[in-house]
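Participant: In case it helps, mature numbering (1 follows the signal peptide of the UniProt record, and there is no 0) puts the sequence shown at residues -15 to -1, 1 to 375. Got a structure for you, questions after.
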Amino acid sequence: MLLILLGGAIGGALAVTLNRHAGGPAGSSIQDPPLPPDSPNSPVRAALDDNFPDPEVTFHNGTFYAFATNNAAGIIQRPDNASSYNYGISNVQIATSTDFLTWVLLNSTHDPLPTIGDWVIPGMTEAPPKIPRANVWAPAVIQRPTDNKFVMYYSANQRNATEPHGRHPPPHCIGSAVSRTDSPAGPYDPIDNTLACPIDQGGAIDPAAFKDTDNTLYVAYKVDGNNVGHGGLCGNTKSPIVPTPIMLQKMQADGVTNIGDPVQILDRTKADGPLVEAPALVRSPDGIYFLFFSAGCTRSPTYDVKYATAKSVAGPYTRARSTLLQTGDWGLLAPGSVGVVEDGEGGYKMVFHARVSAPQGRIRAMFTTKLKFEGHVVSVERDNGTASTV
């Protein structure tokens, strides 16, 4: 095991990255947050002090399982010696907790996705640091109703994909994998076809799984339009601005077969900056559908967490007037990319990442909080650990 976190301010040993949208600004104005997030009255807790981007969480048999993007992703402001570190080789990271307060990050021998689909770029990079060329991002898992196995959705570099726009990297597509047992920890066996792969629109990333009250399965995801943008922050602040819509795909009960075409449920506005991304769907106890999403650019302080609500999972969604989390809230820096889970006792908990300093650069560490739903409004509150032990 790589580490056990006991809370407190973040600082620690990390991993390194391949920056997305290399055509963007060379530097970032990100600064250290003015206050630690773990003050006694803060609703935000530090969870993992390693690079654990795009966290997603599920709860099963008394244990929380958090999954994340590979630990070589998204670090900025790297020092000159960054490539000398020994970085992890997992496609997907996994951490566990029984109380949502203390987390254990498992090493690469516990990679939930040891094998990738045939559609993904195989092998390791040649130049140091040697990391998987698949560059798996933003895994999400859900238990399917047919046999209680879990389905994992993930985005990765497509094999043989060409750069759709000069200065951008090859696009990601979204695929799926099925657990061999009824444990969310896996391992998962990949399905050898993609679920979403709009190459000409920039690709697809950030899958989010959702099961409605009638057991119907859905996958929400982002069309990565800024990956074919015309430059600027995160590749998409120079005209003409490219759409980055959030799509909703209905799935068959097996969780790996699409039903019909996806529908758009959200897109960026001028106030969002270059993009919206990282969707997460939740149905509140009042029957209101909440669509959480991130806006801004993950490499700048503009990155934040917003939400919209609807009476139907397919929308239409109405944006909330206020932002849920943004830079400066409880000392956070560029918070985003949330995962939400019901805790087995009727409550809802949330994981997300935010920027912190580390020897290898600015990483995205995992933080946690608790959600409070009131009609069409959601807020964060302090979580003292209420996990069910059933």
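Ideal Cβ placement from N, Cα and C applies to all residues, glycine included.
#1: What does the alpha-carbon distance come out to for the pair GLY171 and PRO107?
#2: For TRP104, which of helix, strand or coil comes out of DSSP?
#3: Where TYR274 and ASN66 are concerned, what is the direct C-alpha to C-alpha distance, given to the nearest angstrom?
#4: On the three-pair Cβ rule with 8 Å, is the stretch 232 to 252 touching the stretch 204 to 211?
#5: Indicate the three-state DSSP secondary structure (helix, strand or coil) for ILE348 in the structure shown.
#6: Less than 8 Å between the beta carbons of PRO320 and ASP289, yes or no?
#7: Can you tell me whether VAL213 is helix, strand or coil according to DSSP?
#8: Per the DSSP calculation, THR354 is bridged to which residue(s)?
#9: Helix, strand or coil, according to DSSP, for ALA58 in the structure here?
#10: Count the C-beta pairs between the stretch 25 to 37 and the stretch 322 to 330 that are closer than 8 Å, then say yes if the count reaches three, no if not.
#11: If we count the other Cβ atoms within 10 Å of its Cβ and call it buried at 16 or more, is MET109 buried or exposed?
#12: So the candidates are GLY324, ILE74, VAL365; which of them puts its Cα closest to the Cα of ASP314?
#13: Restricting to Cα atoms, I'd like to know which of ALA343, TYR50, ILE348, SER269 is closest to HIS361.
#14: The beta strand (DSSP E) that contains PRO247, what's its start and end?
#15: Just to confirm before moving on: does the CB-CB distance between ILE159 and ALA193 stay below 8 Å?
#16: Got a sec? Which residues, its chain only, sit under 6 Å from ASN200 by beta carbon, not counting five neighbours each side?
#17: Using the C-alpha atoms, what's the distance from GLY216 back to LYS296?
#18: Going along the chain, which residues of its own chain have a beta-carbon closer than 6 Å to the beta-carbon of PRO259, five neighbours each way excluded?
#19: Consult DSSP for ALA305 and reduce its assignment to one of helix, strand or coil.
#20: Using 10 angstroms around the beta-carbon of SER24, count the other beta-carbons present and answer buried if the total reaches 16, otherwise exposed.
#21: If you draw a straight line from the alpha carbon of LYS357 to that of TYR138, how long is it in whole angstroms?
#22: Near GLY(-4), which residues of its chain fall below 6 Å by C-beta distance, leaving aside the five closest residues on each side in sequence?
Facilitator: To lay it out plainly:
#1: On the sequence shown, residue 171 is found 186 positions in, with the first residue counted as 1. On the sequence shown, residue 107 is found 122 positions in, with the first residue counted as 1. Cα-Cα distance, rounded: 20 Å.
#2: Looking up residue 104 in the sequence shown gives position 119. Of the three classes helix, strand and coil, the one that applies to TRP104 here is coil, per DSSP.
#3: Numbered from 1 along the sequence shown, position 289 holds the residue referred to as residue 274. Numbered from 1 along the sequence shown, position 81 holds the residue referred to as residue 66. Between TYR274 and ASN66, the C-alpha separation is close to 46 Å.
#4: yes
#5: Locating residue 348 in the sequence shown gives position 363, where the first residue counts as 1. Three-state result, ILE348: strand.
#6: Position 335 of the sequence shown, counted from the first residue, corresponds to residue 320. Position 304 of the sequence shown, counted from the first residue, corresponds to residue 289. It is a contact, given that the beta carbons lie within the stated cut-off.
#7: On the sequence shown, residue 213 is found 228 positions in, with the first residue counted as 1. Here VAL213 sits in helix by DSSP.
#8: Position 369 of the sequence shown holds residue 354. THR354 is bridged to MET335.
#9: As a first step, residue 58 is located in the sequence shown; it is residue number 73 there, counting from the start. Coil at ALA58, not helix or strand.
#10: no
#11: As a working note, residue 109 is residue 124 in the sequence shown. Exposed: under 16 other Cβ atoms inside 10 Å.
#12: Taking the first residue of the sequence shown as 1, we reach residue 314 at position 329. For ASP314, the nearest C-alpha among the options comes from VAL365.
#13: Within the sequence shown, the letter at position 376 stands for residue 361. When only C-alpha atoms are compared, the closest one is SER269.
#14: The sequence position of residue 247 within the sequence shown is 262, counting from 1. Note, PRO247: beta strand (DSSP E), 243 to 251.
#15: As a first step, residue 159 must be located in the sequence shown, where it is residue number 174. As a first step, residue 193 must be located in the sequence shown, where it is residue number 208. No, these two residues do not count as a Cβ contact at 8 Å.
#16: Position 215 of the sequence shown, counting from 1, holds the residue named residue 200. Closer than 6 Å at Cβ, skipping near neighbours: PRO130.
#17: Within the sequence shown, the letter at position 311 stands for residue 296. Within the sequence shown, the letter at position 231 stands for residue 216. Roughly 37 Å between the two C-alpha positions.
#18: Taking the sequence shown and counting its residues from 1, one reaches residue 259 at position 274. Closer than 6 Å at Cβ, skipping near neighbours: ASN211, LEU218, CYS219, ASN221, THR222, CYS282.
#19: As a position in the sequence shown, residue 305 is number 320, starting the count at 1. Of the three classes helix, strand and coil, the one that applies to ALA305 here is coil, per DSSP.
#20: In the sequence shown, counting from the first residue as 1, residue 24 sits at position 39. Exposed, since its Cβ has fewer than 16 Cβ neighbours within 10 Å.
#21: Here the question's residue 357 lines up with position 372 in the sequence shown. Here the question's residue 138 lines up with position 153 in the sequence shown. Looking at the two C-alpha atoms, the distance is approximately 27 Å.
#22: Here residue -4 refers to the residue found at position 12 when the sequence shown is read from its first residue. At GLY(-4), the pLDDT of 30 sits below 50, so the modelled position is not reliable and the matter cannot be decided from this model.
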